[in-house]
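Line by line, the protein sequences give chains A and B.
Everything in the first sequence is counted per my numbering, starting at 1 for the first residue and increasing by one.
Everything in the second sequence is counted per my numbering, starting at 1001 for the first residue and increasing by one.
Where is the CB? At the ideal position from N, CA and C, for every residue including glycine.
Remember, it's a predicted structure, so these values are computed and weren't measured experimentally.
Down below is the structure, laid out as structure tokens.
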Amino acid sequence: MDTLNIDYMLGLLPVMLKYLPLTLKMACIGMVAALVLASLLAVVRVLKVPVLNALTIVFISFFRGTPLLVQLFLFYYGLPQVMAFLTQIDGVTATILGLTLHFSAYMAESIRAAIVGVDRSQTEAALSIGMTNVQLMRRIVLPQAARVAAPTLMNYFVDMIKSTSLAFTLGVTELMGATQKEAASSFLYFESFIMVAIVYWVMVEGLSFVQRWMEKRLNKAYQR
Amino acid sequence: MIAVRNLVKKFGGQAVLDGITLEVKQGEIIVVIGPSGTGKSTLLRCINFLEQPDGGEIQIGERKVEATRASRHDILGLRRSSAFVFQNYALFANKTALENIAEGLIVVNGWPKAKAHQRAREILERIGMSEKADAFPAALSGGQQQRIGIGRAMAAQAEVILFDEPTSALDPEWVDEVLELMKQLAVERQTMIVVTHEMQFAREVADRVIFMEGGRIVEQGPPSQLFSAPKDDRTRAFLRKVLDEVPPQCAEGI
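Below, the structure written as structure tokens:
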């Protein structure tokens, strides 16, 4: 093994940091959108809303049952051929859309499990004082389900951050895309890719920090 | 006034409530007794529509609802004019004692938070739980949790409070504090229907005791009459089982 070109690696950092915001933007928008969509899907499943429930089952089945990369190609390269209004879609939007739909399918299932796990008698208590189903979900069930689902959802967020690297295949220059370009011009593939790996790793570790803090907060009500 | 007419509830073809008719006057304290599985809890749960009745009519105040044709609006109306106290307390685990009491006022009645919290503090004072206002349910004893559960029901200012075996899940040491609170409510003439196995409570507090068996009301009357001179054999048999001393009429029958 030749000696590592440390100077080159450190020189890469500023370039990477320039593209980091785009990676984070895709992950954060995707996560928020996926959370909202997943909560809706989960509530539809739990309340067994007619028609919507069946559609939700098909939705979840499709987006869990096919690879994310296939879904991204479908949205970016495939659908515009049959749906003219999609020809304007750019790679970033297509990635966010793909991440949202894909991860909402997974997250819906863990949120649903968490909702079902909330003590049934609290549901009855909320109904008995005259809350509507929506009030019951918003005020009592979802806050408690959030606590149970939080660790799993954070895992999906970690996964989503890393999955933004697939945007590179749609021609988006984000963290991974920028690194690939640098590597191609310098031929220093090892240095480039080990650096980008480290950047992803540090980002995810930072997130784990936030996760531990969040769980502590959410557990406040359950300490004796 | 609360009225139930010809109420029917079936579970899997089996009638758990077999045509119950019952009228409760404002300020009346009703205690329902009877063997397990005779539909006592189901009766309360049907009045509150936690179970959907299969037939009959429920009236609370001016609102008269035919069970099989109840709209969402009817059901919300019935629930908002009645309050429920659960055997296992069923406090909202993510909310403090104060918030548990204020929650319905904020969400259901649309009160501003400050006003609801003010009312909740008054109720905490009345139930002797002021110092636990900011405690979460997990940090409270069973008796304290049930007192908060009763406080939550009081906040609703409902026409009637339905108590579903409120002391059955409690360790014996906590039973008295809950019964005391219920007695206090009875003194204030809060209309209530109480399903319980606490015969002493029924004797002391009830205006009328109802004995249920097999989904029907077998016998009812003031506690002085029902406990000392039950008319029906089934009532006698039940009382003999649950009471330490045998009522005189029963003794003669043996």
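Got a sec? Which residues, its chain only, sit under 7 Å from Ala1120 (chain B) by beta carbon, not counting five neighbours each side?
-> Position 120 of the second sequence, counted from the start, is the residue given in the question as residue 1120 (chain B). Leu1098, Ile1101, Ala1102 and Ala1155.
Per-residue contacts from Phe1163 (chain B) into chain A (C-beta, under 8 Å) | Taking the second sequence and counting its residues from 1, one reaches residue 1163 (chain B) at position 163. Neighbours of Phe1163 (chain B) on chain A: none; closest Cβ ~12 Å, over 8 Å.
Interface residues of chain A facing Arg1080 (chain B) [CB-CB closer than 7 Å] | Taking the first residue of the second sequence as 1, we reach residue 1080 (chain B) at position 80. By Cβ distance, chain A contributes Gly130.
Does DSSP put Gly1056 (chain B) in a helix, a strand or coil?
-> For the purposes of this step, residue 1056 (chain B) is taken as the residue at position 56 of the second sequence. Three-state DSSP puts Gly1056 (chain B) in a strand.
Specify the secondary structure class of Val118 (chain A) as computed by DSSP and reduced to three states.
-> Here residue 118 (chain A) refers to the residue found at position 118 when the first sequence is read from its first residue. It is coil, neither helix nor strand.
Compare the beta carbon distance of Arg1063 (chain B) and Ser1081 (chain B) with 8 Å and say whether it is the shorter of the two.
-> For the purposes of this step, residue 1063 (chain B) is taken as the residue at position 63 of the second sequence. For the purposes of this step, residue 1081 (chain B) is taken as the residue at position 81 of the second sequence. Yes; because the gap between Cβ atoms is below 8 Å, this pair is in contact.
Residue interval of the alpha helix (DSSP H) (run including Leu68 (chain A)) | Taking the first sequence and counting its residues from 1, one reaches residue 68 (chain A) at position 68. That run of the alpha helix (DSSP H) goes Leu68 to Phe73.
Output the distance between the C-alpha atoms of Met259 (chain A) and Ala145 (chain A), rounded to the nearest integer angstrom.
-> Because residue 259 (chain A) is not part of the residues shown, which for chain A are 1 to 224, the question remains open.
Would you mind telling me which residues of chain A sit closer than 7 Å to Phe1227 (chain B), beta carbon to beta carbon, in chain order?
-> The count along the second sequence starts at 1 and reaches residue 1227 (chain B) at position 227. In chain order: nothing, as chain A lies at least about 31 Å away.
Going by C-alpha distance, which of B:Glu1213, B:Gln1200, B:Val1218 and B:Arg1234 is nearest Leu1243 (chain B)?
-> If you number the second sequence from 1, residue 1243 (chain B) lands on position 243. If we check each option's Cα against that of Leu1243 (chain B), B:Gln1200 comes out closest.
Using a Cβ-Cβ cut-off of 8 Å, state whether Leu127 (chain A) counts as contacting chain B.
-> The residue you call residue 127 (chain A) lines up with position 127 of the first sequence. Output row for Leu127 (chain A): interface = yes.
Residue range of the alpha helix (DSSP H) that Leu1076 (chain B) falls in?
-> The residue you call residue 1076 (chain B) lines up with position 76 of the second sequence. Element bounds for Leu1076 (chain B): Arg1072 to Arg1080.
Selection from B:Asp1233, B:Ala1206, B:Val1218 and B:Gln1118 that minimises the alpha carbon distance to Gly1027 (chain B) = The sequence position of residue 1027 (chain B) within the second sequence is 27, counting from 1. Looking from the CA of Gly1027 (chain B), the closest CA among B:Asp1233, B:Ala1206, B:Val1218 and B:Gln1118 belongs to B:Ala1206.
Using Cβ-Cβ distances below 8 Å, what residues of the region 1009 to 1021 of chain B are close to chain A?
-> none
Assuming Leu22 (chain A) and Gln71 (chain A) make a contact with CB atoms under 8 Å, what is their CB distance in whole Å?
-> As a working mapping, residue 22 (chain A) is identified with position 22 in the first sequence. As a working mapping, residue 71 (chain A) is identified with position 71 in the first sequence. Contact flag wrong, Cβ pair sits at about 20 Å.
Buried or exposed by the 16-neighbour rule on C-beta atoms within 10 Å, applied to Phe63 (chain A) = The count along the first sequence starts at 1 and reaches residue 63 (chain A) at position 63. It counts as buried.
Contacting residues, own chain, Cβ-Cβ under 7 Å from Lys1183 (chain B) (five flanking each side not counted) = By 1-based counting over the second sequence, the position of residue 1183 (chain B) is 183. Contacts found: Val1205.
Helix or strand or just coil, what does DSSP make of Gln1190 (chain B)?
-> Residue 1190 (chain B) sits at position 190 when you count from the first residue of the second sequence. Coil.
Member of B:Thr1096, B:Ile1150, B:Gly1151 and B:Ile1127 whose CA lies at the smallest distance from the CA of Ala1139 (chain B) = Sequence index remark: in the second sequence, residue 1139 (chain B) carries index 139 (1-based). Nearest C-alpha to Ala1139 (chain B) among B:Thr1096, B:Ile1150, B:Gly1151 and B:Ile1127: B:Thr1096.
Report, in whole angstroms, the separation of the C-beta atoms of Arg1203 (chain B) and Pro1172 (chain B), which I expect to be a contact under 8 Å.
-> The residue given as residue 1203 (chain B) occupies position 203 in the second sequence. The residue given as residue 1172 (chain B) occupies position 172 in the second sequence. Going by Cβ atoms, the distance from Arg1203 (chain B) to Pro1172 (chain B) rounds to 19 Å, so no, they are not a contact pair.
Shorter than 8 Å from the beta carbon of Val1178 (chain B) to some beta carbon of chain A?
-> Within the second sequence, numbered from 1, the residue matching residue 1178 (chain B) stands at position 178. So, not an interface residue.
Burial state of Leu74 (chain A), where buried means 16 or more other Cβ atoms lie within 10 Å | Here the question's residue 74 (chain A) lines up with position 74 in the first sequence. So Leu74 (chain A) counts as exposed.
Per-residue DSSP class, three states only, for Gly1253 (chain B) = Counted from its first residue, the second sequence places residue 1253 (chain B) at position 253. Here Gly1253 (chain B) scores only 46 on pLDDT, less than 50, and its place in the model is too uncertain to base an answer on.
Are the beta-carbon atoms of Ala27 (chain A) and Ile198 (chain A) separated by less than 8 Å?
-> One-based indexing of the first sequence puts residue 27 (chain A) at position 27. One-based indexing of the first sequence puts residue 198 (chain A) at position 198. No, Cβ-Cβ distance for Ala27 (chain A) and Ile198 (chain A) is not below 8 Å.
Which bits of chain B does Ile115 (chain A) rub up against, with CB to CB less than 7 Å?
-> To locate residue 115 (chain A), count along the first sequence from 1; it is residue 115. Those do not exist, as Ile115 (chain A) stays about 13 Å from chain B at its closest Cβ, beyond 7 Å.
Report the rounded CA-to-CA distance for Met1192 (chain B) versus Arg45 (chain A), giving the unit in angstroms.
-> Reading the second sequence from its first residue, position 192 is the one you call residue 1192 (chain B). Reading the first sequence from its first residue, position 45 is the one you call residue 45 (chain A). Whole-angstrom Cα-Cα distance: 37 Å.
Could you have a look at Asn53 (chain A) and say whether DSSP puts it in helix, strand or coil?
-> In the first sequence, counting from the first residue as 1, residue 53 (chain A) sits at position 53. Asn53 (chain A) falls in the helix class under three-state DSSP.
For Ala1251 (chain B), collect the residues of the same chain with a Cβ closer than 6 Å to its Cβ; drop the 5 residues on either side in sequence, then sort them by chain order.
-> Numbered from its first residue, the second sequence carries residue 1251 (chain B) at position 251. Note on Ala1251 (chain B): pLDDT 48, under 50, position unreliable in the model; the coordinate value appears next. Non-local beta-carbon contacts of Ala1251 (chain B) in its own chain, meaning distances under 6 Å to residues more than five positions away in sequence, are absent.
Residue burial classification, Gly206 (chain A) (beta-carbon count within 10 angstroms, cutoff 16) = Here residue 206 (chain A) corresponds to residue number 206 of the first sequence, with the count starting at 1. That one is exposed.
From Leu20 (chain A) to Pro67 (chain A), what does the alpha carbon distance come to, in whole angstroms?
-> Residue 20 (chain A) sits at position 20 when you count from the first residue of the first sequence. Residue 67 (chain A) sits at position 67 when you count from the first residue of the first sequence. The alpha-carbon atoms of Leu20 (chain A) and Pro67 (chain A) are separated by roughly 25 Å.
Does any residue of chain A bring its CB to less than 8 Å from the CB of Ala1120 (chain B)?
-> Start at 1 with the first residue of the second sequence, and residue 1120 (chain B) comes out as number 120. False, the Cβ-Cβ gap to chain A never drops below 8 Å.
For Val1209 (chain B), decide whether its Cβ has a neighbour in chain A, counting only Cβ atoms nearer than 8 Å.
-> For the purposes of this step, residue 1209 (chain B) is taken as the residue at position 209 of the second sequence. By this cut-off, Val1209 (chain B) is not an interface position.
What is the DSSP secondary structure of Glu1122 (chain B), reduced to helix, strand or coil?
-> Within the second sequence, residue 1122 (chain B) is the residue found at index 122, counting from 1. Helix, per DSSP.
Pick out the complete alpha helix (DSSP H) segments inside the region 1082 to 1166 of chain B, 4 residues or longer, and give them in chain order.
-> 1097 to 1107, 1113 to 1126 and 1142 to 1155
Beta-carbon proximity check, Arg112 (chain A) vs Ala33 (chain A), cutoff 8 Å | To locate residue 112 (chain A), count along the first sequence from 1; it is residue 112. To locate residue 33 (chain A), count along the first sequence from 1; it is residue 33. The answer is no: Cβ separation not under 8 Å.
Specify the secondary structure class of Gln81 (chain A) as computed by DSSP and reduced to three states.
-> As a first step, residue 81 (chain A) is located in the first sequence; it is residue number 81 there, counting from the start. Residue state for Gln81 (chain A) is assigned as helix, using DSSP reduced to three classes.
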